[in-house]
Amino acid sequence: MKENELQNHALYKKAKRSYYFERWKWVAWNAFICLALFYKLRQHYDTFEMILFFLTLLVTVFLLAVMPKTKFENSRECQEIKEMLR
18 MKENELQNHA
28 LYKKAKRSYY
38 FERWKWVAWN
48 AFICLALFYK
58 LRQHYDTFEM
68 ILFFLTLLVT
78 VFLLAVMPKT
88 KFENSRECQE
98 IKEMLR
């Protein structure tokens, strides 16, 4: 199967969509938790919640920095789909 035909295959597209969704959902979840903690801190300051806020913010920024560098085409999942379709 040619590379272009492979990339247009429904299973390949589904695996690619799933790959990116599984990674980016954690970025969105951490950003949501970070915003919720920030909102709660604005209502009432608490040292423990401030620590959680900064840790969550750090993880969110780290994920935003790392996630775009991971490509589906270089992943193990992509190789498995290619082998299955050939």
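Heads up: the sequence shown begins at 18 in our numbering, then just goes up one per residue. Using N, Cα and C, we set each Cβ at its ideal position, and we do this for glycine too. Predicted, not measured: the structure shown is a model, and the values here were computed from it.
Who are the Cβ neighbours of residue i in its own chain at under 7 angstroms, not counting the five residues just before and after it?
{"i": "GLU66", "result": "LEU54, LYS57, LEU58"}
{"i": "LEU23", "result": "TYR29, LYS99, LEU102"}
{"i": "PHE70", "result": "CYS51, LEU54, PHE55, LEU58"}
{"i": "SER92", "result": "TYR36"}
{"i": "PHE49", "result": "none"}
Could you tell me whether the Cβ atoms of residue i and residue j are closer together than 7 angstroms?
{"i": "THR73", "j": "CYS51", "result": "yes"}
{"i": "ASN47", "j": "VAL76", "result": "yes"}
Quick one: residues in its chain with C-beta nearer than 8 angstroms to the C-beta of residue i, no 5 flanking neighbours on either side, listed in chain order?
{"i": "MET84", "result": "ARG40, TRP41, VAL44"}
Below 8 angstroms on the Cβ atoms is my guess for residue i versus residue j; work out the distance and round it to an integer in Å.
{"i": "GLU90", "j": "ALA32", "result": "Between ALA32 and GLU90 the Cβ distance is about 11 angstroms, and since that is not below 8 angstroms, they are no contact."}
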